[in-house]
Amino acid sequence: MALVRRFLHVCRPNEVLIFSGRKRRAADGRDVGFRIVSGGRAFRVPVLERVDRMDVTLVSVPMAVSGAYSEGGIPLTVSAIANVKVSSEPALVGNAIERFLGKSVGEIARVGKETLEGHLRGVLATMTPEEVNEDRLKFADRLSEEAGPDLAKLGLQLDTLKIQHVSDDRSYLDSIGRSRIAEILREAEVAESDAVRAAEKAEAEAAARGQIAQTQANANVQRRQNEARQRVADLSAEARSEEERTEQAAAAARAEAEQQLHALRAELERLRLTADVAIPADVGRRVQELLAEGDASAIAAKGEAVAEALAHMHDAWIASGEHAMDLVAVQHVEDVFARITQAAAQVHAKQASLLDAGDGSTVAGYVGAYPATVKKLLDQVSDVFGVKFAAVLRGDDPPATVREPIAAAAE
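Using the working numbering, the letters of the sequence shown map in sequence onto residues 6 to 416.
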């Protein structure tokens with residue numbers, strides 16, 4: 006593998022390989038001592054061949070020629086830029102190998118520049134300054150045609166050529182420009198005067214047409230005004246006639262309306278008196294009557310209810326006999342019980358010392374002291390008033406002589 010890498014040479018796209026050392030016959034029949042590889046790869050024969058590389062990359066060649074005489078003897082200054090390269094065509098690359106093998110890119114650019122500048126002067130001598138300045142593409146094409154054969158002999162190829170600037174020291178081109186500008190100005194003045202005359206003519210024609218149209222319009226306006234005045238007079242007469250008829254009808258309608266208005270006012274006054282005097286008086290009287298009837302009914306109903314309640318209470322008291330006090334106790338048992346509990350609650354013990362024998366009776370006796378106190382007070386009240394409050398609280402049925410009057414009193 007190392008041996009293959011040593012003797013195998015690969016050609017890049019922007020170069021050509023020259024294998025020299027062995028003779029071979031060229032395409033034109035000449036015997037040459039080299040072979041050319043453009044793109045691809047080739048093996049070098051050890052000892053017998055050596056390999057050189059030649060760059061075919063594009064080279065920019067700026068050119069500037071001063072004082073080059075054009076046709077007519079006008080010296081011009083021309084600056085241009087050309088793009089040249091070593092030709093890779095088989096028919097031309099041999100020339101480049103013979104002349105530039107081992108040379109730098111700068112040397113190749115210098116030779117190309119000198120060749121092109123020489124032909125540039127020759128082409129300028131065959132063209133007028135106007136042609137050089139106005140038709141630069143033609144100038145570049147003629148320069149390419151003139152320099153092409155010499156560049157081919159050198160093995161070079163001209164890709165592009167651009168003329169950048171053309172000038173002269175004697176202001177010839179400026180004079181041409183000024184004359185052209187003056188000509189353009191004259192043409193502009195002529196065109197302007199023609200346009201002014203055409204505009205004036207069109208304006209006069211338009212004014213004439215406008216005058217005619219104005220006259221016709223005035224006549225039409227006058228005719229329409231006369232028609233309008235006649236129509237106004239007719240309408241005024243009709244309006245006056247209609248106004249007179251309307252005034253007469255309005256007077257008759259006004260008289261009739263005034264009569265109806267007087268009748269309505271009289272009726273309205275009658276209704277107002279009725280509403281302000283008669284109706285309020287009748288309503289007030291009726292209200293007083295209804296209020297009096299209502300008060301009397303309420304007083305009578307209340308008296309009857311009180312009398313009936315007292316009668317029932319009296320009957321219940323008589324029917325209860327010796328149990329009448331029980332009836333009173335039944336009605337006030339809640340108040341009595343509330344006062345007894347309040348009296349028991351007023352008894353406070355800040356501290357109590359309990360001695361228990363071990364059977365828990367002392368604590369139970371202390372806890373039951375409050376209910377026992379309430380019962381004791383209730384028994385004392387029963388002894389004083391002769392009423393068995395305990396039986397009342399237990400809900401024992403009272404005697405029939407007491408139960409029936411109580412029910413009657415409740416009703």
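Note that CB positions come from ideal geometry on N, CA and C, so glycine has one too.
- Taking 7 Å as the cut-off, the beta carbon of GLY26 is found no closer than this to the beta carbon of ALA101.
- Per DSSP, reduced to three states, the secondary structure at ALA130 is coil, with no helix or strand assignment.
- In the three-state DSSP reduction, ARG17 falls in the coil class, being neither helix nor strand.
- With contacts defined by Cβ atoms closer than 7 Å, VAL61 and VAL91 form a contacting pair.
- Contact between LEU163 and ALA152 holds, with the beta-carbon distance rounding to 6 Å and staying under 8 Å.
- Every alpha helix (DSSP H) stretch that sits fully inside the segment 66 to 129 and reaches 4 residues is listed by chain position as 95 to 105 and 110 to 129.
- The Cβ-Cβ distance between THR120 and ASP146 does not fall below 7 Å.
- Bridge partners of LYS167 according to DSSP: ILE86.
- The secondary-structure analysis by DSSP pairs LEU161 across a beta bridge with VAL91.
- Here the alpha carbons of ASN231 and ALA242 stand approximately 17 Å from one another.
- The straight-line gap separating the alpha-carbon atoms of LEU273 and ASP239 is approximately 49 Å.
- Where ARG175 is concerned, there is no enclosing beta strand (DSSP E), because DSSP gives it neither an H nor an E.
- ARG126 sits away from ALA69, with the two beta carbons spaced by 7 Å or more.
- In terms of Cβ geometry, SER75 and GLN169 do not form a close pair [threshold 7 Å].
- Remark: C-beta atoms of VAL15 and ARG46 approach each other more closely than 7 Å.
- Counting of Cβ neighbours within 10 angstroms places HIS124 among the buried residues, the total reaching 16 or more.
- Distance from the CA atom of LEU97 to the CA atom of ILE41, rounded to whole angstroms, is 12 Å.
- The beta carbons of ASP173 and ILE79 sit closer together than 7 Å.
- With fewer than 16 other Cβ atoms inside 10 Å of its own Cβ, ALA312 counts as exposed.
- Straight-line measurement puts the Cα of VAL282 at about 12 Å from the Cα of ARG290.
- 7 Å or more divides the Cβ of VAL21 from the Cβ of VAL64.
- LEU266 sits exposed, since fewer than 16 C-beta atoms from the chains shown fall within 10 Å of its C-beta.
- DSSP places SER43 outside both helix and strand once states are collapsed to three, so it counts as coil.
- Using a Cβ distance threshold of 7 Å, LEU148 and LEU166 count as a contacting pair.
- Taking the C-beta atoms as reference points, GLY77 is found nearer than 7 Å to THR133.
- C-alpha of ASN223 to C-alpha of GLU210: approximately 20 Å in a straight line.
- Put simply, the backbone Cα of VAL52 is about 11 Å away from that of PHE12.
- Residue pairing from DSSP places PHE48 in a beta bridge opposite LEU13.
- Setting aside the 5 residues that flank it on each side, LYS158 is surrounded in the same chain by ASN100, each with a C-beta closer than 7 Å to its C-beta; the list follows chain order.
- With fewer than 16 other Cβ atoms inside 10 Å of its own Cβ, SER302 counts as exposed.
- DSSP, reduced to helix, strand and coil, places VAL64 within a strand of the structure shown.
- Taking the C-beta atoms as reference points, GLY117 is found nearer than 7 Å to VAL89.
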